[in-house]
Every structure is written in structure tokens, then in C-alpha cells.
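Numbered per my numbering, the sequence shown finishes at 770, counting up by one with no gaps.
Notes follow the structure.
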Amino acid sequence: MPRRAGHGRGLEQRHAQLFAEGLEQARLHVERFGHLAVAHTGGRVREGFDLGRWLANRRADAVSLTAEQAQQLRRLDAWWNPPWPVDWQRAWYRARTYVHEQGPVHGGDNLARLPVWLQRWLRHQISCYGQLHDGQRVLLAELGLSTGEVEVFHTWAGRRRPAADGLAVAHAYTVRHGHLAVSQPTIVDGFALGAWLRNQRQRQRSLGRLTRLGHRLTDLDAWWNPPWPVAWQRMWWAARYHLAGLPDSVEWWPGAPNDEHITAWLREQNARRTLLLPQQRRLVDELLSLTGGMPVWRPRISDVAWQSLSGLLPARSHTGGRPRSERQILESIVHIACTGQAWRRLPPALGSFQACRRRFLLWREDGTLQQICRAVLPEGDAVWQQRLAACLDPSA
Numbered sequence: 375m376p377r378r379a380g381h382g383r384g385l386e387q388r389h390a391q392l393f394a395e396g397l398e399q400a401r402l403h404v405e406r407f408g409h410l411a412v413a414h415t416g417g418r419v420r421e422g423f424d425l426g427r428w429l430a431n432r433r434a435d436a437v438s439l440t441a442e443q444a445q446q447l448r449r450l451d452a453w454w455n456p457p458w459p460v461d462w463q464r465a466w467y468r469a470r471t472y473v474h475e476q477g478p479v480h481g482g483d484n485l486a487r488l489p490v491w492l493q494r495w496l497r498h499q500i501s502c503y504g505q506l507h508d509g510q511r512v513l514l515a516e517l518g519l520s521t522g523e524v525e526v527f528h529t530w531a532g533r534r535r536p537a538a539d540g541l542a543v544a545h546a547y548t549v550r551h552g553h554l555a556v557s558q559p560t561i562v563d564g565f566a567l568g569a570w571l572r573n574q575r576q577r578q579r580s581l582g583r584l585t586r587l588g589h590r591l592t593d594l595d596a597w598w599n600p601p602w603p604v605a606w607q608r609m610w611w612a613a614r615y616h617l618a619g620l621p622d623s624v625e626w627w628p629g630a631p632n633d634e635h636i637t638a639w640l641r642e643q644n645a646r647r648t649l650l651l652p653q654q655r656r657l658v659d660e661l662l663s664l665t666g667g668m669p670v671w672r673p674r675i676s677d678v679a680w681q682s683l684s685g686l687l688p689a690r691s692h693t694g695g696r697p698r699s700e701r702q703i704l705e706s707i708v709h710i711a712c713t714g715q716a717w718r719r720l721p722p723a724l725g726s727f728q729a730c731r732r733r734f735l736l737w738r739e740d741g742t743l744q745q746i747c748r749a750v751l752p753e754g755d756a757v758w759q760q761r762l763a764a765c766l767d768p769s770a
């Protein structure tokens, strides 16, 4: 058999030559940028040396490097092969460059006066600080963000919470109440959820598209950012739950309207249907399909109660014009007390609102309405009687 000439180390020498070429390119990169946290290019480099792919291959096959080769790479960059993603290491080097120029960061000022990109990155590190590698915590401490500074940041009274915290609170609120149509003053477990959602709505509208956080909120509530007032959407959710019933494990939120408010609101939406947006009309139609039609006004004062109350009303004053029914006027006053609507929204069946409002002011001044609230009435009339008393004295 013919025998191969030479010592048989050609492949090993070729590997060493290729490593030396890559090491030289790495040295030039360190001289220019100060690190080797280069992203994997995926072979997209057409010309020149593909340093990103070369380093990615060295990281993937680090166990096959000789001790001398590994030492050469560590001398160029101690974190050339970190046990965490290279993207994190690259962001850290960018933050270190800022710290060298502007000074270390600290948590006592809520990371104020920092660039937006650095604030977001540092807040993400703080929110995930418990899951970070010990080496990552050491590197953050070099920036000034030590464990003590992280604790100071968490105790700062006016700090901005990271998006993950807001999303978690929004998820908990949706599970508990079934929607995200919250008012601005809403605070949940010390977190200003209403103000946070308002800021997120403004951001989505200014960008003209949904961000990743916007998509996450849409998964929780498809109408969390409606093109109409949030108060309208909150009333719609209340009407839907009143008509279809609360789902399992869902409870009413503080200040939720009662069925009287919902009936009056739904009647009002049907009256101003031409002013609603097409999507609002579809939502109103969905509610009407649950009720089987538009709810009509029904008297609240029973005949037995009216027999007792008619004697408490003052004598009529004949000032000319068509006399109004005293019972109809009292029904209109009770309707406003139960629904909380404006006088102009009085149902047509109750007549002109001007005369009803004048009689309300007169009976309130002479104490007639207070006597009605103290009268002994049947059990079925106790609900509107209590609401009328609350309307006269909101502090009661």
C-alpha cells in the first residue's frame, strides 16, 4: 500500500491558522469597540471576515478549544462567552459606555434623567433581578445598580412601575371584574391602574398601531382602548353583565351602576342611535338582543303606596294652564333619583321635564319629599324610597 508522505498534522495546522486569522479580527474589533459581544450574523456577511459567525462557532464548540486559545480570547474580552445571552452582554457594554461618560446610576431617583433605552433596560433588569445570574448582578453593580440600589428603587414612593407589573395588575383586574374599562382614579393594590391604562391608550393612538404591550392588553379585553369614551364602554360592560349575568368568579367593581341606571342608559342609547359609531350600534344591538327589545318605562310607585302618599302632597296652586298629574310628577322625581340621569333625559311618558324639575325643587324646599322618604310604605316601594332619600342627602 502506498504510504502518505509527511507528518499527518496538516488539518491541525489549518485549524490553528484559521483560529489565528479569527483571533486577529477579534483583536481589531476589541480595539475599535472594546468588547466581543458580537451578534451571530447567520452568514449574512457577503464580503470580508464574518466575525459574528466565527465567534458563535467558537462559543458553541468552546470545549474543543485549547487552554491557550481560550486564554487568548479571555485576554481580549473576559465575557466573550457569557453563560447568558450575548444580546444582554451587548446591552451591558452599551450601558457601561454611558456610565463611563455620565457617572454611575442609582435607584434613589427612579432612574431619572437617563436615556429612554437605558431606563427600559435597567427597569427590566430590576423587575427580573431575582432570576439573574450572579455574574450579571456583578456586572450591574459595576454600573452602580447593586442589590442595595435595587431595594432603594423598589421603596421609592413615586417610581414608575415596569410594564410587566402593569400587565400583571391588568390581568388580575380582568379576571376579577371581566373588563379593562376602568376610570382614571382607579388604584389596585397600590398601583394606579387607571392612569397607567390611560397612558397606554395615548401611546397606541400616537403611534397609530398596537405595540406588543397593546396586543397583550387586547388579549385581556378587546375593548380596552375604544374609539369612544371609556365611561361609555364601562356602562356597556355593566349592561351586559346585568342582562346576561355575571360569569363565574367575576364580581362587580366598586361604583358599578345598578339595573335602574342600565335600563335608562340603554333607552338613552337607542334614542341617540344616529349619533353613535357603527361599532357602538352593534354593541347596543347585542344588548337589545339579550333584552328581547327596547325596555320601556314602568311605574315604580304602587297603588297602595300612592294612597298613603297622596295625602302628604301640598294642595295644588291653580296658576293657569293644563294641570299635571301629581302622581306622574312624583314618578318623574323617583325616576331621576333611581337612574341618576339628567332631567332632560326624562322618558316621554313622564311629560315635560321643566315642570317636573320645578315641582322637585318646590317639594324639596317645603319638606314634602322628606316626608315621603319617612312614610311607611309597602316592601316593594322601599327600594325607590331609599334611593330618593339618598338623592336628597348624598351623605346619608
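Virtual Cβ for every residue (Gly too), placed ideally from N, Cα, C.
On the CB-based measure, 16 or more other CB atoms within 10 Å of its CB, does residue i come out buried or exposed?
i: V437; result: exposed
i: R491; result: Here residue 491 turns out to be Trp, not Arg, going by the sequence shown. Exposed.
i: A770; result: Its pLDDT being 44, under 50, A770 is placed unreliably by the model, and the measurement read from it follows with that caveat. By the neighbour-count rule (16 or more Cβ atoms within 10 Å), A770 is not buried but exposed.
i: T648; result: exposed
i: S706; result: buried
i: G685; result: exposed
i: D451; result: buried
i: G540; result: buried
i: A441; result: exposed
i: E753; result: exposed
i: R696; result: Because R696 sits at a pLDDT of 46, beneath the cut-off of 50, its placement in the model cannot be relied upon, and the following sentence gives the value as read from the coordinates. By the 10 Å Cβ count, R696 comes out exposed.
i: R634; result: It is worth fixing the name first, because residue 634 is Glu in this sequence and not Arg. Buried.
i: D595; result: buried
i: L571; result: buried
i: R674; result: buried
i: G481; result: buried
i: F476; result: Inspection of the sequence shows that residue 476 is occupied by Gln rather than by Phe. By the neighbour-count rule (16 or more Cβ atoms within 10 Å), Q476 is not buried but exposed.
i: R646; result: exposed
i: L762; result: buried
i: V460; result: buried
Can residue i and residue j be called in contact, C-beta distance under 7 angstroms?
i: V412; j: L429; result: yes
i: T713; j: A638; result: yes
i: Q558; j: G568; result: yes
i: H414; j: W458; result: no
i: L496; j: L513; result: no
i: L517; j: A469; result: yes
i: I500; j: V524; result: yes
i: L410; j: A394; result: no
i: A555; j: V604; result: yes
i: L640; j: A613; result: yes
i: N455; j: R433; result: yes
i: L425; j: H403; result: yes
i: E358; j: R719; result: This structure leaves residue 358 out entirely; the chain is present only between 375 and 770.
i: L664; j: L617; result: yes
Tell me the rounded alpha-carbon separation between residue i and residue j.
i: D767; j: A537; result: 43 angstroms
i: P478; j: T560; result: 36 angstroms
i: Y547; j: E739; result: 44 angstroms
i: C730; j: I703; result: 5 angstroms
i: Q760; j: C747; result: 7 angstroms
i: V708; j: L587; result: 46 angstroms
i: L724; j: I710; result: 11 angstroms
i: R550; j: G396; result: 58 angstroms
i: N599; j: W606; result: 12 angstroms
i: T742; j: W680; result: 14 angstroms
i: Y615; j: H553; result: 11 angstroms
i: Q653; j: W758; result: 34 angstroms
i: D755; j: L683; result: 11 angstroms
i: F565; j: W453; result: 38 angstroms
i: W462; j: Y472; result: 16 angstroms
i: G619; j: T585; result: 33 angstroms
i: L447; j: T521; result: 30 angstroms
i: V543; j: V678; result: 50 angstroms
i: H474; j: Q505; result: 26 angstroms
i: E660; j: I636; result: 14 angstroms
i: G694; j: R732; result: Low confidence applies here, because G694 scores a pLDDT of 47, under 50, leaving its location unreliable; read the following figure in that light. Using only the alpha carbons, I get a separation of about 16 angstroms.
i: W610; j: H589; result: 22 angstroms
i: E405; j: R494; result: 29 angstroms
i: L385; j: L439; result: 15 angstroms
Per DSSP, which one or two residues make a beta bridge with residue i?
i: V562; result: F565
Counting along the chain, where does the alpha helix (DSSP H) carrying residue i start and finish?
i: E516; result: D508 to L517
i: W680; result: D677 to L683
i: D461; result: V460 to Q476
i: N431; result: L425 to A434
i: V708; result: E700 to T713
i: L664; result: P652 to T665
i: H545; result: A537 to H551
i: D633; result: D633 to A645
i: T521; result: T521 to T529
i: D593; result: R586 to L594
i: G384; result: G384 to F407
At a cut-off of 6 angstroms, is residue i close to the ligand FAD when judged by its beta-carbon and the heavy atoms of the ligand?
i: Q745; result: In terms of ligand content, the structure shown is empty, and the ligand FAD therefore cannot be addressed.
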